[in-house]
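Protein chains in written order, with the numbering used here: chain A, 1 to 418; chain B, 1 to 418.
Following this line, the structure appears as structure tokens:
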């Protein structure tokens, strides 16, 4: 069968499964997830065997130890997937939730009720555990999902797909609710991105290259973020002790993720006191600083920042630092170089906090806490399938509710339009 | 200046205006709308003069009387625009509304606050009054808007744009918040649809041809519906007296709109009693019936329906009629031929009503009322900019809230991620 025919069939099957999933109740969906968790633990040897094939190819290809680590499905990784499933079982089912109901002057009751989006295309790289995470979030929110993982994880992903499939059958759910595309052919992605009739939404997760490829080639709406160029602005009224800990946490706690701080903005009136001490802490932790001319003159060991450092997502122990003469300059800098992802202010001033929240156009705007909190789990959504920095549908982390939409329901007793 | 350069400049200006609009308060926006209402009435002669140019071209081109009627901006039409502005002033401002707020175990408060989408591209046909409607809805929801109307209304639209512009200036709002593309060049649309950096969302309103052209050529997400193939299902447990009035209203009250009934589905067990009487009423009102074989055999004067009649949006006094053997058959028919727009059931049975609501995948699912109620005004949204039958962002009529999104705000006191 040609790749095109195969992907079209997968999409048609996904649409059919989505119709059935619409009216399946929570218990059945939870039961499928519980069965899946059990099966993953039972089948850990089979998973390990298939995973070993991917690991051996990866070693031959000379993938980095970090990449190989992310690819590995050892017992720990499998237990962690099973625990993740348990957490999703415990989350409330968004489907069927009435988000509002009101009565019209003519006596009709009008409500809005959450329903699944339909069919989700999920395109991702290396980590095979994402296969189970994404499948379980889509299933719990009543959507069917087509998963396209990285070629380096194909054997692991196919093994997981088989286990997911048998769990769906055992729970009495349509097996085609979760499908893994069984090929490493890149054409499969391009074809999937053209099937707007059968696929409602595309969620890509991975590096900026993948995301740009998907966005440029998709005829289906894409929920995604390209990068997180997150700023912390240390205001002239900041509690400097708090500012040290927040900035250190935002940069150092996990530098390789999208909600880590990439640029530090410091109000001139506190720069003299704050910057040298902050720089020392960061440099001790191995952070390379690239500063504006004022930063360079105030702190030793700082490289002069180039223009390309301001919009950069370093994803590493590198930080751009700029002294600003007032809050306006900080806001203008964020507007120009930011990525609408996450911005934080450290201040004790009530009006500065209010203004920062009102004017910064980011999916999360944070007062006096680390940027690292922009995450579905940390914000209280329970789990996330990704972060969206386009304004459409859901701005910011997307949890179960964000994988649904609402329809209007109307209860009348014979009302006519005049 | 080339069309491309012009449209790019318009989009850049719209983005800049959108930044300013983000933190402008309700009073100022309302004041701009009130000033605009006054100005429209004051400038009615100038509007009429420009409108006369469009009308004279339309007559020369031989446009239909209905089209010319829609193009006409007489005193009535202008007063109606001014009244519409008053209604939008009276609606609550969605921007800044907190849709939820909760406390995390670490003491952080997390909330979601409504913010504007940003820049909206609105592409529409003939009616120039839509220029004022769309501009006022976008402005009230804090968005800037780029309007591209039909070539037949260009003089009227430019006159309205001038008046809107001077109202914005008088109210102290950025003049570029509302821009009308000052050309009838079709290339302008294609260019606008490519400017994803500066335009956040495209809303087309018009015939299916326009909508398909926009969707196929847009690199920006499009909120739209192609057509409304709305069904009424008269169940075996229907109150038949109610069913006559609902079906008559859904078909006849205004047949040329997207929420009018296009297909009537009747349960076999009531078809013998219901169909002949219903058909007589509809035929008396000039409705042409196209029926399944059973309908043809039960009712006189019914044409046999062809396959192409089932997915058809007639927008006219034409109705497809099918007898179904049970509710399952009705649901399968709707799933196959429906447009996810509006579906209604007439029944006295509690379980049938519940099941119809759960299983029908339409933006409005209605029990015992006319399909004609799927409209932002009628459902209580206050006003609508259009109806969306894609699941993304907002399914169904889009009012002021649907022209916004939410961002997360976080209030901490030094929280760090561990």
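A virtual CB, placed ideally from N, CA and C, is assigned to each residue, including glycine.
Bear in mind that the values here come from a model prediction, so they are computed numbers and not experimental data.
By the three-class DSSP mapping on this structure, what secondary structure does residue i have?
i                      : result
residue 374 of chain B : coil
residue 9 of chain A   : helix
residue 350 of chain A : helix
residue 411 of chain A : strand
residue 333 of chain A : helix
residue 144 of chain A : strand
residue 237 of chain A : coil
residue 231 of chain A : strand
residue 72 of chain B  : coil
residue 368 of chain A : strand
residue 205 of chain A : strand
residue 224 of chain A : coil
residue 289 of chain A : strand
residue 397 of chain B : strand
residue 100 of chain A : strand
residue 340 of chain A : coil
residue 24 of chain A  : coil
residue 301 of chain B : coil
residue 86 of chain B  : helix
residue 190 of chain A : helix
residue 386 of chain A : strand
residue 184 of chain B : coil
So is residue i buried or exposed if we call it buried at 16+ other beta carbons inside 10 Å?
i                      : result
residue 66 of chain B  : exposed
residue 362 of chain A : buried
residue 41 of chain B  : exposed
residue 233 of chain A : buried
residue 72 of chain B  : buried
residue 276 of chain A : exposed
residue 300 of chain B : exposed
residue 328 of chain B : exposed
residue 384 of chain B : buried
residue 182 of chain B : exposed
residue 310 of chain B : buried
residue 98 of chain B  : exposed
residue 304 of chain B : exposed
residue 27 of chain B  : exposed
residue 332 of chain B : exposed
residue 2 of chain B   : exposed
residue 126 of chain A : buried
residue 255 of chain B : buried
residue 25 of chain A  : exposed
residue 4 of chain B   : exposed
residue 69 of chain B  : exposed
residue 377 of chain B : exposed
residue 285 of chain B : exposed
Excluding the five sequence neighbours on either side, which residues of its own chain have a C-beta within less than 6 Å of the C-beta of residue i, listed in chain order?
i                      : result
residue 31 of chain B  : 171
residue 151 of chain A : 184
residue 226 of chain A : 208 and 211
residue 111 of chain A : 98, 101 and 409
residue 192 of chain B : 7 and 121
residue 402 of chain A : 394
residue 356 of chain A : 345
Using a Cβ-Cβ cut-off of 8 Å (strictly less than) and excluding sequence neighbours within five positions of residue i, which residues of its own chain qualify?
i                      : result
residue 272 of chain A : 298
residue 54 of chain A  : 71, 128, 152, 153, 154, 155 and 156
residue 283 of chain B : 289 and 301
If I measure Cβ to Cβ from residue i and keep anything under 7 Å in the same chain, skipping five residues before and after, which residues do I get?
i                      : result
residue 198 of chain A : 11, 12, 14, 15 and 119
residue 75 of chain A  : 44
residue 222 of chain B : 202, 204, 214 and 215
residue 177 of chain A : 17, 21, 139, 144 and 168
residue 95 of chain A  : 114, 115, 116, 141, 142 and 404
residue 323 of chain A : 266, 268, 271, 292, 294 and 295
residue 89 of chain A  : 30, 33 and 34
| Are at least three pairs of beta-carbons, each pair with one atom in the segment 107-124 of chain A and one in the segment 50-68 of chain A, less than 8 Å apart? | Using a C-beta cut-off of 8 Å, the segment 107-124 of chain A makes no contact with the segment 50-68 of chain A, since fewer than three inter-stretch Cβ pairs fall below that distance.
| message | Please give the ranges of any alpha helix (DSSP H) in the segment 241-266 of chain A, keeping only runs that are unbroken, at least 4 residues long and fully inside the region. | response | List check, alpha helix (DSSP H) in window: nothing returned.
| query | Below 8 Å, can you find three or more Cβ-Cβ pairs linking the segment 159-176 of chain B to the segment 381-401 of chain A? | reply | Between the segment 159-176 of chain B and the segment 381-401 of chain A there are fewer than three C-beta pairs closer than 8 Å, too few to call the two in contact.
| field | Contained beta strand (DSSP E) runs [length at least 3] in the segment 303-329 of chain A, N- to C-terminal order | value | DSSP runs (the beta strand (DSSP E)) wholly in the segment 303-329 of chain A: 318-324.
| said: Quick test of the definition: if touching needs 3 or more C-beta pairs under 8 Å, does the segment 252-261 of chain A touch the segment 302-315 of chain A? | reply: By the Cβ test, the segment 252-261 of chain A is in contact with the segment 302-315 of chain A, since at least three Cβ pairs between them sit closer than 8 Å.
| field | 4-residue-minimum alpha helix (DSSP H) runs that sit fully inside the segment 107-179 of chain A, ordered along the chain | value | Considered as a whole, the segment 107-179 of chain A harbours 129-140 and 154-170 as its complete alpha helix (DSSP H) runs of no fewer than 4 residues, in chain order.
| request: Answer yes if the segment 351-370 of chain B comes into contact with the segment 245-257 of chain B, meaning at least three C-beta pairs across the two stretches below 8 Å, and no otherwise. | output: With the cut-off at 8 Å, the segment 245-257 of chain B and the segment 351-370 of chain B touch.
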